[in-house]
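K.L.:
Next up is a structure, given as C-alpha cells.
There are 2 protein chains.
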Amino acid sequence: MKSEKISELTTNRLSVYLRCLNLLAAAGVKTISSQALADQFNLNSAQIRKDLAYFGEFGVRGVGYFVESLREHITKILGLDAQHRVGIIGAGNLGQALANYNGFAASNFNVVAVFDNDREKIGRSVGESDLIIQDVRKIARVVRDENIDVAVIAVPARVAQRVLNQIMSAGIKAVLNFAPVRLHARLGVKVKTVDLTISLESLSYFLARPQITCVTNPRGILPYEEIAQREEREL
Amino acid sequence: MKSEKISELTTNRLSVYLRCLNLLAAAGVKTISSQALADQFNLNSAQIRKDLAYFGEFGVRGVGYFVESLREHITKILGLDAQHRVGIIGAGNLGQALANYNGFAASNFNVVAVFDNDREKIGRSVGESDLIIQDVRKIARVVRDENIDVAVIAVPARVAQRVLNQIMSAGIKAVLNFAPVRLHARLGVKVKTVDLTISLESLSYFLARPQITCVTNPRGILPYEEIAQREEREL
DNA sequence: CTCTGTGAAGTCATTCACAGCG
DNA sequence: CGCTGTGAATGACTTCACAGAG
C-alpha cells in the first residue's frame, strides 16, 4: 500500500475489473488469479497486480484473490458504495436518452433532475419517466435541494462552457461532458469529456488507411476466436 | 514526412486541431503558429508540430501554418473528405438519440439505417426523421445495398459481441461501441468503445477523495484557469 | 509448487532546446 | 528576428522477472 498519485488509467481499469468480478461473483466463482483475470481482457497480469497493490494487499500468495472480497474493496475504492445524485443539463435527444439510461443505476448513480432553457420543454416529462424538465435558471436551487453531486452536460458546444460555469458556481465538483469542446474547469472540479466527434474521426482515419493489418493476416480471415454466425434473434 | 506508425493519441489530437482550425477559418484568420494553437487547449507547441510533422511539412518558418491549407490537409489525413455511411444497431434510447444526433453530419457521417430486433419497433420511424427501424436480421443485405461502412452498437452489453460478429460478417471494418463490454474483433476491424460506466466511475473515484483533486491528468486534459462566474441565462 | 507484490528494465509519449529556414 | 522541424532528454506507463509468502 502506497500513497502515490494514482493514474486515471489505473482507476479506469479498476472499473473494468469490478465489472468482471461482479459477473464472477454472480456465477459463484470464489477466487481468481491475476493471470485468469488478465486473460479476460488481454491484459498483462502484472498490470492487474500493480493496479491493485496501489490500494492494499488484497491477494493471497499461491491462491489469488477472493472474488467477493476484492469486489467489495474495489467498490469502496471507486466510491461506488455511496449513492450519487445526477443532474442532466440539456433535454435534447442525448440528454433525454441519458436520463432514461439504465447504466447509471448499475453504478449507483441516480438521475434526479433534467434541465433545459426551452420553454416548450420545461414542465414536460422525460420519456415515460416521472422526471420533469426544469428551467435551467433554477439549477443552483435544485442542486442544493436535491443534493446533486454530479452534472451531465448535454447541450450544444457553443454554450457548454457557460453551462459549466453555472454548474461550478452551484458547487458541483464532477461533470460528465458530451459537448465536443475542451472546457476550462476550476481547480477541484473534475470534468470528464466524452467526445463522439473524436471517436468518429478516429474511425474515419482508420478507414482511410490501406490496411497494414492484412499483411499479418494473409489468409484474410483469422479471428481471435471462432465467430458464431448463426442467426441471432435477440438484440 | 515519415512513415512510422501513428499513435491514436496523435490522430485524436488532429481532430481537436481540425475543429479549432475550422473555427479560425470561419473567423477569417489566415495563419496561426503552433504556439498560438497550443494555447487554445493548453498543450505543448512541440507536440503540435510533431503531430503535424508525421504527415508532412505544412508550416512556414517564421510564419506558422496557413489555416485554410492546414485545415484541408488534416481533413484529408483523417479521411473526412469522403462521406461515411453509418448504420446504428439498437433503437433504444441511446440508438435513437444517436440517429438524430447532428454531430455526425459535421464530420461527414450520414446515418442511413437503424436496426432493432423488437417487432414493436421495426417499421416505425426514428423520432421525427425519415429513418425507418429495420429488422436486425437484414443487416447483411442493408449494409451491402446502402454501402454502410461504419456501424454503431447501441444494444445491451450481453448481446453486443453477437451483434459485432454479425456486423463483421457483413464486412464492416469500423465500429463505434456503446455497450460496456470489451469486444473481440477480428484483425482488420477497428472497434472504438465509448464506455459511459467507466467515465462515471472515474468521476465517482474523484468524488470519493477530495484531497487528491490536484493530481494532474496523465495524458493531457485540462489544467486550471480562472473562470468567469457571471450568471448565464442562455443554454 | 503456485501466485502475489515489486524493483528493474523496457517501451512509448511528451517536452526541451536548438539548428536552420524564411 | 520568429517559428518550424527534430534529435536528445525527460517522464509516464507497461512488462519482465524473481524473491518470498502460503
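Those sequence lines, one after another, are chains P and Y.
Each residue of the first sequence is one higher than the one before, counting from 1 in our numbering.
Each residue of the second sequence is one higher than the one before, counting from 1001 in our numbering.
The C-beta atom is built at its ideal place from N, Cα and C for all residues, glycine as well.
1) Is there contact here, the region 1160–1174 of chain Y with the region 1119–1132 of chain Y, by at least three beta-carbon pairs under 8 Å?
2) Could you tell me the alpha carbon to alpha carbon distance between P:I89 and P:D81, rounded to whole angstroms?
3) Report the neighbours of P:L78 on chain Y: residues whose CB is nearer than 9 Å to its CB, in chain order.
4) Using the three-state DSSP reduction, which class does P:Y54 fall into: helix, strand or coil?
5) Could you please tell me which residues of the region 1136–1166 of chain Y, in chain order, have their CB closer than 8 Å to any CB of chain P?
6) Return the CA-CA distance between P:H184 and P:G87, expressed in angstroms with no decimal places.
7) Over the uninterrupted beta strand (DSSP E) stretch that includes Y:Q1134, give me the two end residues.
8) Name the two residues that bound the continuous beta strand (DSSP E) containing P:F236.
9) CB-CB under 6 Å to Y:L1018, same chain, minus the five flanking residues each way: which ones, in chain order?
10) Please report how far the alpha carbon of P:E72 lies from the alpha carbon of P:Q47, in whole angstroms.
11) Considering just the uninterrupted stretch of the alpha helix (DSSP H) at P:K192, what are its terminal residues?
12) Judging by CA-CA distance, which residue of P:G171, P:T31, P:Q35 is the nearest neighbour of P:A140?
13) Cutting at 6 Å between CB atoms, please list the residues of its own chain near Y:F1055, excluding the five before and the five after it.
14) Tell me whether the region 1058–1068 of chain Y and the region 56–71 of chain P touch, counting them as touching only if at least three CB pairs, one residue from each stretch, are closer than 8 Å.
15) Taking the alpha carbon of P:L187 as the point to measure from, which residue in P:T10, P:K173, P:A53, P:I32 has its own alpha carbon closest?
16) Looking at Y:L1176 and Y:V1142, is the spacing between their C-beta atoms short of 8 Å?
17) Alpha carbon to alpha carbon, what distance is there between Y:L1023 and P:A106?
18) Tell me the residue span of the alpha helix (DSSP H) that contains Y:N1012.
19) Identify which residue in Y:D1145, Y:Q1083, Y:R1119, Y:N1102 has its Cα closest to the Cα of Y:A1113.
20) From the DSSP output, which residues share a beta bridge with Y:Y1248?
21) Just list the beta strand (DSSP E) runs in the region 99–126 of chain P, keeping only unbroken ones of 3 residues or longer that don't cross its boundaries, in chain order.
22) Sorted by chain position, which residues of the same chain lie with C-beta nearer than 6 Å to Y:P1180's C-beta, five sequence neighbours on each side aside?
23) What do you reckon, are the CB atoms on P:L9 and P:L70 nearer than 8 Å?
24) If you measure beta-carbon to beta-carbon, which residues of the region 1102–1118 of chain Y are closer than 9 Å to chain P?
25) Taking 8 Å as the CB-CB limit, is P:D61 close to chain Y?
26) Only counting the same chain, and skipping five residues up and downstream in sequence, which positions put a Cβ closer than 7 Å to that of P:K5?
27) For Y:N1044, would you say it is in contact with chain P, using Cβ-to-Cβ distances shorter than 8 Å as the test?
28) Would a check of beta-carbon distances place P:F55 closer than 8 Å to chain Y?
29) Straight-line CA distance for Y:D1149 to P:A53?
30) Mapping the DSSP letters down to three states, classify Y:R1085 as helix, strand or coil.
31) Got a sec? Which residues, its chain only, sit under 8 Å from Y:K1190 by beta carbon, not counting five neighbours each side?
32) Using DSSP with H/G/I as helix, E/B as strand and the rest coil, what is P:A170?
33) Return the residue from the list P:F109, P:A26, P:D116 that minimises the CA-CA distance to P:K138.
34) Within this structure, are the beta carbons of P:K192 and Y:S1202 separated by less than 8 Å?
35) Mind checking if P:T11 is an interface residue toward chain Y, Cβ cutoff 8 Å exclusive?
36) Specify the secondary structure class of Y:N1177 as computed by DSSP and reduced to three states.
P.N.:
According to the data block:
1) no
2) 25 Å
3) E1201, S1202, S1204, Y1205, A1208
4) coil
5) V1136, R1137, D1149, V1150, V1155, P1156, V1159, R1162, V1163, N1165, Q1166
6) 20 Å
7) 1133–1135
8) This structure cannot speak to residue 236 of chain P, because chain P is shown only from 1 to 235.
9) I1074
10) 20 Å
11) It is not in any alpha helix (DSSP H) - P:K192 instead sits in the beta strand (DSSP E) that spans 190–193.
12) P:G171
13) I1077
14) no
15) P:K173
16) no
17) 39 Å
18) 1008–1026
19) Y:D1145
20) Given a span of 1001 to 1235 for chain Y in the structure shown, any question on residue 1248 of chain Y remains unanswerable.
21) 109–116
22) A1157, D1195, T1197
23) no
24) N1102, G1103, F1104, A1106, S1107, N1108, F1109, F1115, D1116, N1117, D1118
25) According to the sequence provided, residue 61 of chain P is Arg. The question's Asp does not apply to it. No, because no Cβ of chain Y sits closer than 8 Å to the Cβ of P:R61.
26) none
27) no
28) no
29) 43 Å
30) strand
31) K1173, A1174, V1175
32) coil
33) P:D116
34) yes
35) yes
36) strand
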